[in-house]
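Taking it in order: structure first as structure tokens, then the write-up.
Residue numbers (our numbering): 1 to 532.
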């Protein structure tokens, strides 16, 4: 076990130095020094508690999801009945009391209608999401099941979490923490972002984009009084638009939604010099948009974002290219934010900020100073004790300890991991674990010498026998670290990352490197006795 050929030494030193060099950019950054821009710059990301930043807790309302499901089902029912051969005529459609009900013109169509609706009442996992009942022999009532509501809520929150993640990624932030909390909440932590206002505005924007035809039959005085004609709904104009303070009546069903968007970019209209957002549709959305504009030339249609009308231009000619332009008195910043929101997808449900915190960089810097101070004091005390107790072997353990910290920091930088305040605690624990390995080895060597073994035999047996206990102990810690990372969140994950990576570096440096140091010294000095 004490044989180290040249190629093996070269490999071990190369691996050690390469991993240690990766820590230099992070050490320069912590020290306030500038790392040369011409060199690679892998760095450990600092978490919210160290770099400062913003913490937001977002919440969705389950009632909004229920209302959206009813509206989607109503549109599906109308389309199914309209496309039936022969057509099934319905009327007296109602969505009151959380149910969808409608009257068939002919009782003879009950069975046909039931057959058309049966497939859409099943969820993707064959869960029944709607119950169907026939009332008075001619009215069909669709009631959402509890399982269907729960499935819709879970899907909506999963989708909302992904949309939030994409929007924050568009901002260029590094290592945000975005996790679901409970059934209807999402936790967002963005390190390095001191002003949460822009983030709140971006995440609070649902970005539900709709194109709906204006109801030309609606009386202006009724619209301004909030009275909508049958089959229509009223939306206010967005603040900052020329028509702000007024309302528009649009057809409730039909139109196009923004889920078919494939791109959105902020730009400037060359004709008006106004800030606009240029959008493009996929093939399906482009075909729908072309059909809508082709069939309604000369009629106005409203561009609605999150329940507010941005503008209501007249369709002068069919728009066939699968692209459109949104105008609405934008500033460059608001146009860019809207483009980001549209590119990342619409939130399936509105999110409200119910809690916010801002961690200043001064507090984070203080945490770093105190954490490094604690690590330095602990390390120096351990080094002094090791050298005083084990002499030369304590010096080897100290050198290995320094490489252990450098390699751990370098590997975290290479993996683009995030260091949190609990992660610094993980560093201290890793130092203790590395030293613990050397204590086990050195004590075992002492025991072997007391039993009368010669120096080389005692050292070889000490490393061999103590290595078993070291590997077993670190393997159990590895299982605990993986579990913490898999089931924990935020700071717990930060601690788990340092713990798991540190286990590998501490075993490598505490066992393999020190054995190489000791083997080289024994081969060179050939001592008859050792002071340990």
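Glycine included, C-beta positions come from ideal geometry on N, C-alpha and C.
In this text the structure is predicted, and so the values were computed from the model without any measurement.
Which complete alpha helix (DSSP H) runs does the stretch 415 to 483 hold, if anything under 4 residues is left out?
421 to 450
Measure the alpha-carbon distance for residue 462 versus residue 389 and round it to whole angstroms.
17 Å
When the Cβ atoms of the stretch 415 to 429 are set against those of the stretch 464 to 471, are three or more pairs found closer than 8 Å?
no
Looking at the structure shown, is residue 302 part of a helix, part of a strand, or coil, going by DSSP?
strand
Would you check if the stretch 62 to 76 and the stretch 437 to 444 touch, i.e. whether three or more CB-CB distances between them fall below 8 Å?
no
Where do the N-terminal and C-terminal ends of the beta strand (DSSP E) with residue 228 fall, by residue?
Run containing residue 228: none; DSSP gives neither H nor E here.
C-beta atoms of residue 138 and residue 81 nearer than 8 Å
no
Consult DSSP for residue 236 and reduce its assignment to one of helix, strand or coil.
strand
Where do the ends of the beta strand (DSSP E) carrying residue 177 lie?
177 to 181
Within the same chain, show all residues whose beta-carbon is closer than 6 Å to that of residue 429, passing over the 5 residues directly before and after it, in chain order.
none
Residue burial classification, residue 505 (beta-carbon count within 10 angstroms, cutoff 16):
buried
In the DSSP output, which residue or residues are listed as bridge partners for residue 248?
Here residue 248 is bridged, per DSSP, to 235.
Is the separation between the beta-carbon of residue 349 and that of residue 228 shorter than 8 Å?
no
Assuming contact is defined by CB atoms lying nearer than 8 Å, are residue 226 and residue 234 in contact in what I supplied?
Result yes, Cβ atoms of residue 226 and residue 234 sit closer than 8 Å.
List the residues that DSSP assigns as beta-bridge partners of residue 87.
BP columns for residue 87 are empty, so no partner.
Exposed or buried, residue 115, counting other C-beta atoms within 10 Å across all chains shown (16 or more means buried)?
exposed
Nearest-angstrom Cβ-Cβ length linking residue 187 and residue 179, presumed shorter than 8 Å:
5 Å
To the nearest angstrom, report how far apart residue 287 and residue 356 are at their CA atoms.
Rounded to whole angstroms, residue 287 to residue 356 spans 43 Å at the Cα level.
Strictly by DSSP, which residues pair up with residue 144?
Note: residue 144 sits in a beta bridge opposite 130.
At least 3 beta-carbon pairs within less than 8 Å: the stretch 493 to 504 vs the stretch 3 to 22
no
Between the Cα of residue 330 and those of 372, 382, 340 and 275, spot the shortest distance and give me the residue it belongs to.
275
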